[in-house]
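The block underneath contains the structure these notes are about, expressed in C-alpha cells.
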Amino acid sequence: MLQEHRREVLEEMNSLELNKEDMDREKLYKQWFALLAVAIPAKRMRMLIEDFGHAKTIFDCSEGAICNCRYLDENNIAEILNARKRGLPVNQAGRWEADNICFVSIEDEAYPVRLKNLEDRPYALWYKGKLPDEGTPTVGIIGARNCSDYGRRSAAYFGKELAKAGVSVISGMAVGIDGLSQGACLKEGGKSYGLLGSGPDVIYPSANEGLYRSLLQSGGVISEFIPGTPAVAKHFPMRNRLISAFSDVLLVIEARERSGTFITVGYALEQGKDVYALPGRIDDALSAGCNRLIRDGAGIAACADDILFELEGRMQAHREIIKSDGLSMSERIRQEKKKNKREKENDNIIHDKDPLNNMIFRILRDHERDPEEMMVFIRDNEKAPDDLTLPLLMGRLMELELEDRVCCRGGMYYLPDV
Numbered sequence: 003m004l005q006e007h008r009r010e011v012l013e014e015m016n017s018l019e020l021n022k023e024d025m026d027r028e029k030l031y032k033q034w035f036a037l038l039a040v041a042i043p044a045k046r047m048r049m050l051i052e053d054f055g056h057a058k059t060i061f062d063c064s065e066g067a068i069c070n071c072r073y074l075d076e077n078n079i080a081e082i083l084n085a086r087k088r089g090l091p092v093n094q095a096g097r098w099e100a101d102n103i104c105f106v107s108i109e110d111e112a113y114p115v116r117l118k119n120l121e122d123r124p125y126a127l128w129y130k131g132k133l134p135d136e137g138t139p140t141v142g143i144i145g146a147r148n149c150s151d152y153g154r155r156s157a158a159y160f161g162k163e164l165a166k167a168g169v170s171v172i173s174g175m176a177v178g179i180d181g182l183s184q185g186a187c188l189k190e191g192g193k194s195y196g197l198l199g200s201g202p203d204v205i206y207p208s209a210n211e212g213l214y215r216s217l218l219q220s221g222g223v224i225s226e227f228i229p230g231t232p233a234v235a236k237h238f239p240m241r242n243r244l245i246s247a248f249s250d251v252l253l254v255i256e257a258r259e260r261s262g263t264f265i266t267v268g269y270a271l272e273q274g275k276d277v278y279a280l281p282g283r284i285d286d287a288l289s290a291g292c293n294r295l296i297r298d299g300a301g302i303a304a305c306a307d308d309i310l311f312e313l314e315g316r317m318q319a320h321r322e323i324i325k326s327d328g329l330s331m332s333e334r335i336r337q338e339k340k341k342n343k344r345e346k347e348n349d350n351i352i353h354d355k356d357p358l359n360n361m362i363f364r365i366l367r368d369h370e371r372d373p374e375e376m377m378v379f380i381r382d383n384e385k386a387p388d389d390l391t392l393p394l395l396m397g398r399l400m401e402l403e404l405e406d407r408v409c410c411r412g413g414m415y416y417l418p419d420v
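Going by the numbering used here, the sequence shown opens with residue 3, and the numbers climb by one from there.
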C-alpha cells in the first residue's frame, strides 16, 4: 500500500514537471514572437495573431503562409523567417528570469484588460514588480519636467491624496511632475506604476533610480520594449499611449502651451478617457497648457475630490468590462474578426467624397464625441479646412444626422450600428 502511494505521488510530480516544461516552452514561443516587435509594428503583430492564433503557429507554419500575409512587407517577412532560423530565445529567457523580469502576452489571461481595446496594443509587456490591479482605480499624472513650486506642491498633494483614497498613480517616472506625484503616492503607502520608454531593466532618467527601486516594492515598472532597450526619443510617444491606456482618468499638472504632454492628452481623448487639468495663473507660462485644456473642455482639478468623483462612475464601467472579459484567446480573436467584419460593412458610411465628412466619420469611428471635442481633435490631428468653425461643424453634423449617417444623444454624436 505504501509503495503504491509513493508511485502515485511520483507520477503526479512527474506530471507537474511535464506540465511546467510545456508551459515554459509555450512562453518561449511567445517571447520569441515578442522580440519581433523591434522590427514589426504593433498593428501588424496583432494581425498576425488574429490570423494564426498563436505565436507557436507562426514559428511552425510553412514559409509560404508567412509570405502570403499581404499586410507584411518584404522586410517584415525577412525578419520573421530569420528569427525562425535563430530559434527560441532560451538563453535570453534565463537571463530575464534571473533579473526578475516578468512577461505577459496578449495570448495570456493576465494581459491587462485596460489595453485590450487599443488598436495598436502591444503584443507583450515586460515588467518588474507587478501590473496594476484590474479592480483598483488608476489616475495618470503627467506634466512639466521643469515645474514651479506650485507644480511641485500640487503633484505631491494629488499623489498623496489619491494614495489615501486607494487610487494607484500611473506616470512615466520622469523628473518633475511625474516623479514627484509617484514619490508622494508611494510615501503615503499607495501603489504606483512607471511606464518606461526603455526596457524594464534600464533606469531612465538615472536621477530617479531611488524612485525606480521604490516602484518595484509598491507597484512596478512596465514597458513594451524588450529588456536592455535604451531610452531613445522615438520611444516616448509610444510609451505615452500606454500611460493614458492604463489610466482611468488623466490629470495634467503644469504644461506649457506647446508641451509634449499634449501627446498623452491626445491619446487619452482618442481612448475615450476623461482629462483633468490643474488651473493656474493666466500670466504663468507653465500653466498656459493646462488653462488651454480647461478652455477646451477638460475638467478642473481644484482638489482630489474632483478626480475621485469622476472615478466612481469610471470604475463601475471598468468592473463590468472585467466581469465580461473571462475569454480565451481564441474567443477574443473570433470577436476581433467579427469587429473587423462590421468595420468593413461600415465602408459605405465611412467613405465619402467630402473631406470634412470623412474627418467626422473617422473621429466617430470608435468613440462618441461632442462637437467641441471634435473641433479639438480635428485641429490637432487632421488637416482641417482653413475656414472650419464650430458653427460650420455643427451644421454639417445636423445634415448628416438628417441623412441618418450619424446619430446624436445628449449632445454626443456617434456612428449608427449597421
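For glycine and all other residues, C-beta sits at the position ideal for the given N, C-alpha and C. It should be emphasised that the depicted structure is a prediction, and the values quoted were computed from it without experimental measurement.
(message) According to DSSP, simplified to helix, strand and coil, what is residue 49?
(response) helix
(message) According to DSSP, residue 304 sits in a beta bridge with which residue or residues?
(response) Beta-bridge pairing links residue 304 to no other residue.
(request) Ignoring anything shorter than 3 residues or poking outside the stretch 94-124, list the beta strand (DSSP E) runs there in chain order. (result) 104-107
(request) May I have the straight-line CA-CA distance separating residue 400 from residue 301, to the nearest angstrom? (result) 27 Å
(request) Determine, using beta carbons only, whether residue 273 and residue 247 come nearer to each other than 8 Å. (result) yes
(message) Here's a check: name, in chain order, each residue in its chain whose Cβ is nearer than 8 Å to the Cβ of residue 176, leaving out the five neighbours to either side.
(response) 147, 207 and 210
(message) Helix, strand or coil, according to DSSP, for residue 144 in the structure here?
(response) strand
(request) To the nearest angstrom, report how far apart residue 424 and residue 402 are at their CA atoms. (result) Since the first and last residues shown for the chain are 3 and 420, residue 424 lies out of range.
(request) Go through its chain and collect everything with a Cβ distance to residue 78's Cβ below 6 Å, but skip five positions before and after it. (result) 42
(request) With a cut-off of 8 Å on the beta carbons, I'd call residue 224 and residue 133 a contact; round off their distance for me. (result) 7 Å
(request) Select from 95, 50 and 85 the residue whose C-alpha is nearest the C-alpha of residue 74. (result) Nearest C-alpha to residue 74: 50.
(request) Could you check the C-alpha separation between residue 380 and residue 367 for me, to the nearest Å? (result) 14 Å
(request) Can you have a look at residue 242 and say buried or exposed, based on whether 16 or more other CB atoms are within 10 angstroms of its CB? (result) Flag for residue 242 reads buried.
(message) Please return the same chain residues whose Cβ sits closer than 6 Å to the Cβ of residue 108, not counting the five positions on each side in sequence.
(response) 125
(request) Could you check the C-alpha separation between residue 47 and residue 255 for me, to the nearest Å? (result) 35 Å
(message) With DSSP as the reference, identify every bridge partner of residue 225, one or two as the case may be.
(response) 128
(request) Count the other CB atoms, across all protein chains shown, that sit within 10 Å of the CB of residue 69; report buried if there are 16 or more and exposed otherwise. (result) So residue 69 counts as exposed.
(message) In this structure, how does DSSP classify residue 346 when only helix, strand and coil are distinguished?
(response) Confidence is the limiting factor: at residue 346 the pLDDT is only 48, short of 50, which leaves the residue's position unreliable, though a coordinate-based value still follows. In the displayed model, residue 346 falls within a helix according to three-state DSSP.
(request) Count the other CB atoms, across all protein chains shown, that sit within 10 Å of the CB of residue 135; report buried if there are 16 or more and exposed otherwise. (result) Note on residue 135: under 16 other CB atoms within 10 angstroms of its CB, so exposed under the neighbour-count rule.
(message) Measuring only the C-alpha atoms, how far is residue 257 from residue 267?
(response) Residue 257 and residue 267 have their C-alpha atoms spaced approximately 11 Å apart.
(request) Find out if the Cβ-Cβ distance for the pair residue 171, residue 182 is shorter than 8 Å. (result) Residue 171 is not a Cβ neighbour of residue 182, given a cutoff of 8 Å.
(request) For residue 414, I'd like the list of residues in its chain whose CB is within less than 6 Å of its CB, leaving aside the five on either flank, ordered along the chain. (result) Around residue 414: 370 and 372.
(message) Please identify the residue among 131, 127, 130 and 116 whose C-alpha is closest to the C-alpha of residue 141.
(response) When each option's Cα is compared against that of residue 141, the closest is 116.
(request) Measure the Cβ-Cβ separation of residue 160 and residue 144 and say whether it is below 8 Å. (result) no
(message) Just to confirm my understanding: we take residue 30, look at its own chain, exclude 5 residues before and 5 after, and list those with CB closer than 7 Å. What are they?
(response) 90, 91, 92 and 95
(request) Return yes when the Cβ of residue 167 is within less than 8 Å of the Cβ of residue 310, no when it is not. (result) The answer is yes: Cβ separation under 8 Å.
(request) Taking residue 438 as part of the alpha helix (DSSP H), name the residues at either end of that continuous run. (result) This structure leaves residue 438 out entirely; the chain is present only between 3 and 420.
(message) Measuring straight from C-alpha to C-alpha, what distance separates residue 262 and residue 375?
(response) 19 Å
(message) Cutting at 7 Å between CB atoms, please list the residues of its own chain near residue 233, excluding the five before and the five after it.
(response) 199, 200, 204 and 206
(message) Looking at the secondary structure, which residues open and close the alpha helix (DSSP H) in which residue 180 lies?
(response) 179-189
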